[in-house]
Amino acid sequence: METNIQNLLNILVGGITIWILCAGALLCLLIDALWPRKMSVPVYTIGILTLIVTLCSAWYQWLQPDLPAAQDLLVIDLHTLFFITLVVLVGILTILNALGYMQLHNDLTAEFCSLIIFSIIGMVFFFSSDHLLINFIGLETMSLSIYVLVGSHKKNFKSNEAAIKYFIIGGVASAIFLYGVAMFYGAYGTLKISELAMALPTQGLDYLPKTAVAFILTGIFFKLAVVPFHFWAPDVYEGAPSPVTGFMATGVKIASFGFAIRIFIGINVLDMPQIQNLLVVVVVATFIVGNLLAIVQDDVKRMLAYSSVSHAGFVLFGMLAGFREGRYEPFSSHTVMFYLLGYLLMTLGAFAILSLMIRKRSEATHYTDLEGLGHSKPLLAGLFTLFMFSMVGMPGTVGFAAKYSVISLAVQNGHIGLAILAVVMSIVSAFYYLRPSVTMFFKKGAGGCPVIQEIPFTSSASITFCAFTVIYLGLNPDAFIKLAKIAAF
Amino acid sequence: MNPYFFYAFATITVLMVVLMILQKNPITGAMCLIVSFFSLAGLYVLLEAHFIAVLQILVYAGAIMVLFIFVIMFLNLKKEDLKTGRRPFYQFAALIASGALVTFLVVQYTKIPPVSFPESVAGFGTVEAIGSLMFSKYVIAFEVIGLLLLVGIIGAVLLGKKENHD
Amino acid sequence: MQPFIDQIISECEILQGLPLWFSYLIFQLIFCGIIFVFVAVFAMLAGYAERRVAGRIQSRIGPNRVGPQGILQSLADGIKVFLKEDIIPTHADHILFRLAPYFIFIGMFLSFVAIPFSSQWVIADLDIGIFYLLAVESLVVIGIVMSGWASNNKWSLLGGMRSAAQIVSYEVPVALTILLVVMYSGTMSIQGIIMAQGAAPWNWNIFQTPFLFVAFFPLFMGSLAEGNRMPFDMPEAESELVSGYNTEYSGFRFVIFFFAEFSNLYLIGALATVLFFGGWQAGPLPDFVNGLLGIETPLSAAIVKNLVELCVFMFKSLCLVFIVIQLRWTLPRVRVDQLMNICWKYLVPVAFFNLVVMGIWMVVVPEYVTDIVALCMTACGVLLLGYFFYRVAWQLKNTKARLRFNPLS
Amino acid sequence: MDTYLPILIMFVIAGGFAGAFLLLSYLLGPKKPTDSKLSVYECGLNPVGSARERFSVKYYLVAILFIVFDIEVVFMYPWAVNYKNAIKDGHGAYMIAVMGVFFVMLVLGLFYEWRKGAMNWSNQA
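Residue numbers (our numbering), protein chains in the order written: chain V, 7 to 495; chain Z, 4 to 169; chain G, 63 to 471; chain Y, 283 to 407.
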């Protein structure tokens, strides 16, 4: 029992970032419950403050020379702290976007804020634990919050449809994930990743752990929306409110990759040739399908859905790129981490602008809605183009630095074919990424009011931040790549 | 553990789940699922996990099945709604894929080296044992589940409640 | 059960020749049969008693023709219904319509397996007994919803849905209240909970702390609602829903619903007795009776002991059953929204509050204070009871009514 | 496992008796079905429409909230069982703290639900 109390103290001190998040989310909820529908602004303020404090405490912990050894259920290492920084950043930007969005749509529900924070808590547990049980609970907390967020536009039919679709697909994904976890438990009697890693080589089992890994990966692939588990993405991304779509496209992927890196390195998944082949197939399919289908979309949100599919493929390719001569180098996961940082900034920037598009009290993100935007709001259209350029991988933006580091790693480690495919597909992606910009600047609107009329302060803050960092990181990527290298295993 | 009981319960479980999938009428399918839950509870009893066995009935057969039935009634699918186009190709493909997976898994499971499990420790599977683990080693998991359930409540209220201000 | 069977086997030479598992099986079969018969007889008598009590409360006679004082009335009704035509409406879902009574019947009998009638007479003393009772209740819910849906009748469906919503809602305060008792006793086994109490009223759970006393009411109301008893009998509110979920049932299928309702009556009483009133605890009474009868052999002594405890248990639970019956004819029915409000806005918060205070109480308050509190509370309980009788006597005096003690008149 | 065998026995006995009785009553009772006898009972009138109409969402909400609370309560039982012993060992405060956090979330959920009006049966859909 004494050890219990010691454990508890360890957890309390070590996981301080998480507890701050929890307290903030509960406080938001409490205020909302005490004064329903009246306290939206204070609630959002508290939410943002919570996230900022979390960010500060995470950085404080980062600077501590000896990290408090939290319990094995909750591993607070630099990897965790890096990913906490990423998801909290996503949270802050999303709440800023959401504030603008809700001001325009005249629909300020305070639950939104606490749900965002709850799902960030879920994400943190998802990637910070060494125990598959906690990972799973984190995954579920994250997913459950997002199901609700997706459906939070109750009067919008598409939002309802998206919520149901995402819920069912997510449920299936969780079940598959859990089945993989159960297989591990059945074969080895433990769920701790570190213990599994030790048990794996000794036992005479051949295919069972691989099947288990395949199942767990399938569960994650659903969340990542890589091909062939991508079919839900366009509908759900289109139906969800724009800030939520941005949150899903970045937060869920970052968390899933955080967990994927942990389990990949923890149990040497990539040293299993079958799993490696599986990954290659998935990456190639994702590159091709994601990019080609994005071309034929008529809606910016759907296009960005496919773009996020192809980006997920790119990150997965980054994981694969660290594989060298039959062994995975844990250190090379830093490229993936940096890529995720860049991806986060440009995607959320784009979605911040998308959140402002409103016509007849509903979202208007069809390409025809963009016509003439370059003339009515040239600065905003310019920034949107900047984010799109970054997604293509134009030099001078963070997208270039991220893609460059992944591809160069791949070339170094001899994955030439995949690297060529990645470059080709990046060029293909220019077609669809530049199409909205072309529409904005070179097509006259057919009359009617422009799709963006007012720009709330919060949205402009998040757009400015994203634009600034996209350029800054594009010009000086080295400092942040170094950070990622420190955080990598 | 008595193997005859095990095989009996296991057969019922699998049979009922398969029947559930094949049922046309969703309510009948739900009933099949209930039976399979009960036989699962029987399996847990055979494994000396008494608490889990009762939970299986209390939570699944009791609470979740009531919700299932409510939802089925809520949707209230008419017979004509259920007549979706049969797609023999997909059915065939699904059959092959699931058959292959099952065969594969069965082969894999038989490869697990025979482990001589120790006789269950006194107090194994009791509430006391579960509780003392849950509140010492897995205390975080316990608290996070509290959070998860809170999210569940928020979600239910947010999505299920009709707004009465308009 | 096990020790008792062992004792019988050690006394009985014929059984020693048989394999052990076989005699266990035989005994378990016998005991299950006894319980089955007991429940059946109880349901019949309760049906009769209910009508008699109703008669008395409404100043009429009630059934008194069949057998002495009409005691065989239920049997006659049973035989009559038995010979009725078995009707299944054309538009009903035939499979589910037939299946639903089985669910209810089986669920109801399964809960009796875990009820301890005396220190040794319990068919299955499960270590999670209390949970088992809650779990088995769910079978009945499913049966009710199923019968309501299968009938394809508007009244049935409404009744079934209401019933399910009600049972399901009231399970929360009931479970929370039982949690309090489990906390205090430190076990979930029903025998363990009884063992933690004593024969004397100040050793009963209900008088242990003020919170347990308060907790009794959510439990009692919750189990009334779960048994669809008045004042919570919304599902079969005859003025609105004809007969609720069993409207379409006739013949023996209807008898099954009737059975379930009245055996549930006993479960309500038994559950409250077990949790709050010391169960079968009889203190020195069995030894006293044994001494009185001059019984020496251990087997007979054990039987007498168990019989005495059985009587104590029966007395307590039947008193509660009587109260439940009386409530039905005293209180008006609540509305559906009131029903839900009572559950979620009163019982659940009260149960939560109780839980918190009880948790702190158990840590903070030392043992001797607890004993004093228990004594004081018992005294208060006795005073309250005395005041009740005083009020009754006062009322009788004022209205110049004559109190007739013959309950069968 | 032995303690659970009687449950199975009781299951068989109860099911068997119910079946036997139903069979017996089927054999003994008259069988004269007529159309109106087999039609749905609707207070003597001819039944109007089907009974299986769509149901109000409030039943669904009650069921889902019940599930959540049921699971929370279930999680509290292992705590309750260990609580007394923990106090004896002098860890009452630890147990209270651990449950306190869980409990705060539970109560917050209940409070939230209450304030949002999810418990008002009458003025919902």
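The beta carbon of each residue, even a glycine, is placed where N, CA and C say it ideally should be.
Within 8 Å (strictly less), CB to CB, does residue i reach chain Y?
{"i": "residue 164 of chain G", "result": "yes"}
{"i": "residue 207 of chain G", "result": "no"}
{"i": "residue 234 of chain G", "result": "yes"}
{"i": "residue 55 of chain Z", "result": "no"}
{"i": "residue 102 of chain Z", "result": "no"}
{"i": "residue 42 of chain V", "result": "yes"}
{"i": "residue 318 of chain G", "result": "yes"}
Check the C-beta distance from residue i over to residue j and give it rounded, since I have them as a contact under 8 Å.
{"i": "residue 258 of chain V", "j": "residue 170 of chain V", "result": "Going by Cβ atoms, the distance from residue 258 of chain V to residue 170 of chain V rounds to 18 Å, so no, they are not a contact pair."}
{"i": "residue 142 of chain G", "j": "residue 311 of chain Y", "result": "So it is not a contact: roughly 11 Å between Cβ atoms."}
{"i": "residue 371 of chain Y", "j": "residue 66 of chain Z", "result": "Incorrect: roughly 34 Å between the Cβ atoms, too far for contact."}
{"i": "residue 263 of chain V", "j": "residue 346 of chain V", "result": "6 Å"}
{"i": "residue 378 of chain Y", "j": "residue 425 of chain G", "result": "7 Å"}
{"i": "residue 473 of chain V", "j": "residue 386 of chain V", "result": "Not confirmed; about 10 Å, so no contact."}
{"i": "residue 259 of chain G", "j": "residue 436 of chain G", "result": "11 Å between Cβ atoms; not a contact."}
{"i": "residue 37 of chain V", "j": "residue 47 of chain V", "result": "With a Cβ gap of about 11 Å, residue 37 of chain V and residue 47 of chain V do not count as contacting."}
{"i": "residue 296 of chain V", "j": "residue 233 of chain V", "result": "6 Å"}
{"i": "residue 368 of chain G", "j": "residue 182 of chain G", "result": "5 Å"}
{"i": "residue 178 of chain G", "j": "residue 342 of chain G", "result": "6 Å"}
Hey, does residue i have any beta-carbon neighbour from chain Z nearer than 8 Å?
{"i": "residue 194 of chain G", "result": "yes"}
{"i": "residue 369 of chain V", "result": "no"}
{"i": "residue 231 of chain G", "result": "no"}
{"i": "residue 387 of chain Y", "result": "yes"}
{"i": "residue 117 of chain V", "result": "yes"}
{"i": "residue 75 of chain G", "result": "no"}
{"i": "residue 203 of chain G", "result": "yes"}
{"i": "residue 211 of chain G", "result": "yes"}
{"i": "residue 406 of chain Y", "result": "The predicted position of residue 406 of chain Y is uncertain, since its pLDDT is 48 and thus under 50; a value taken from the coordinates is nonetheless stated next. At least one chain Z Cβ lies under 8 Å of residue 406 of chain Y."}
I'd like the list of long-range same chain contacts for residue i, defined as Cβ closer than 6 Å, with 5 residues on each side in sequence excluded.
{"i": "residue 232 of chain G", "result": "284, 287, 288, 405"}
{"i": "residue 63 of chain Z", "result": "40"}
{"i": "residue 309 of chain G", "result": "215, 217, 218"}
{"i": "residue 529 of chain V", "result": "For chain V, the structure presents residues 7 to 495; residue 529 of chain V sits outside this window and is missing."}
Sorted by chain position, which residues of the same chain lie with C-beta nearer than 7 Å to residue i's C-beta, five sequence neighbours on each side aside?
{"i": "residue 154 of chain V", "result": "121"}
{"i": "residue 460 of chain G", "result": "none"}
Ignore the nearest five residues each way along the sequence and tell me which others in residue i's own chain have a CB closer than 8 Å to its CB.
{"i": "residue 78 of chain V", "result": "136, 137, 198, 200"}
{"i": "residue 33 of chain Z", "result": "23, 68, 71, 72, 75"}
{"i": "residue 419 of chain G", "result": "273"}
{"i": "residue 448 of chain V", "result": "380"}
Taking only beta-carbon atoms, is residue i less than 8 Å away from chain G?
{"i": "residue 136 of chain Z", "result": "no"}
{"i": "residue 149 of chain Z", "result": "no"}
{"i": "residue 61 of chain Z", "result": "yes"}
{"i": "residue 376 of chain Y", "result": "no"}
{"i": "residue 129 of chain Z", "result": "yes"}
Check whether the Cβ of residue i lies closer than 8 Å to any Cβ atom in chain V.
{"i": "residue 390 of chain Y", "result": "yes"}
Next on the checklist: Which complete alpha helix (DSSP H) runs does the region 22-72 of chain Z hold, if anything under 4 residues is left out?
Outcome noted: Runs of the alpha helix (DSSP H) spanning 4 or more residues and lying entirely within the region 22-72 of chain Z occur at 29-49, 53-58, in chain order.
Checklist entry - Counting only runs that start and end within the region 83-153 of chain G, where is the beta strand (DSSP E) found for 3 or more residues in a row? => result DSSP runs (the beta strand (DSSP E)) wholly in the region 83-153 of chain G: none.
Checklist entry - Name the residues in the region 29-45 of chain Z whose C-beta lies less than 8 Å from a C-beta of chain V; which are they? => result Listed by position, the residues of the region 29-45 of chain Z near chain V (Cβ gap below 8 Å) amount to none.
Checklist entry - Quick one, which residues of the region 195-219 of chain V are near chain Y if we go by CB-CB under 7 Å, in chain order? => result The residues in question: there are none.
Item to check | chain G contacts made by the region 346-363 of chain Y, where a contact means CB separation under 7 Å | outcome: Answer set for the region 346-363 of chain Y: 348, 351, 352, 355, 358, 359, 362, 363.
Checklist entry - Which residues, taken in chain order from the region 25-39 of chain V, show a beta carbon closer than 9 Å to some beta carbon of chain Z? => result For the region 25-39 of chain V, which is checked against every Cβ of chain Z, the residues closer than 9 Å are 28, 31, 32, 35.
Item to check | Chain-ordered residues of the region 143-155 of chain V with a beta carbon less than 8 Å from chain Z | outcome: Closer than 8 Å at the C-beta level to chain Z, one finds these residues of the region 143-155 of chain V: 143, 144, 146, 147, 150, 151, 153, 154.
Item to check | Under 7 Å (Cβ pairs) to chain Y, residues found in the region 235-255 of chain G | outcome: Within the region 235-255 of chain G, 237, 238, 241, 244, 245, 248, 249, 250 place their CB atoms closer than 7 Å to a CB of chain Y, listed in sequence order.
Checklist entry - At what residue ranges does the region 244-302 of chain V contain a whole run of the beta strand (DSSP E), taking only runs of 3 or more? => result Entirely contained in the region 244-302 of chain V, not one beta strand (DSSP E) run reaches 3 residues.
Item to check | Members of the region 286-316 of chain Y near chain G, C-beta cut-off 8 Å | outcome: Correct list: 286, 287, 288, 289, 291, 292, 293, 295, 296, 297, 299, 300, 301, 303, 304, 306, 307, 308, 310, 311, 312, 313, 314, 315.
Checklist entry - Which ranges would you report for the alpha helix (DSSP H) in the region 340-398 of chain V if only whole runs of at least 4 residues count? => result Counting whole runs of 4 or more residues, the region 340-398 of chain V contains the alpha helix (DSSP H) stretches 373-376, 379-382, 384-398.
Next on the checklist: Using a Cβ-Cβ cutoff of 9 Å, what residues of the region 119-136 of chain V are near chain Z? List them in chain order.
Outcome noted: So the list reads 120, 121, 124, 125, 127, 128, 131, 135, given in the order they occur along the chain.
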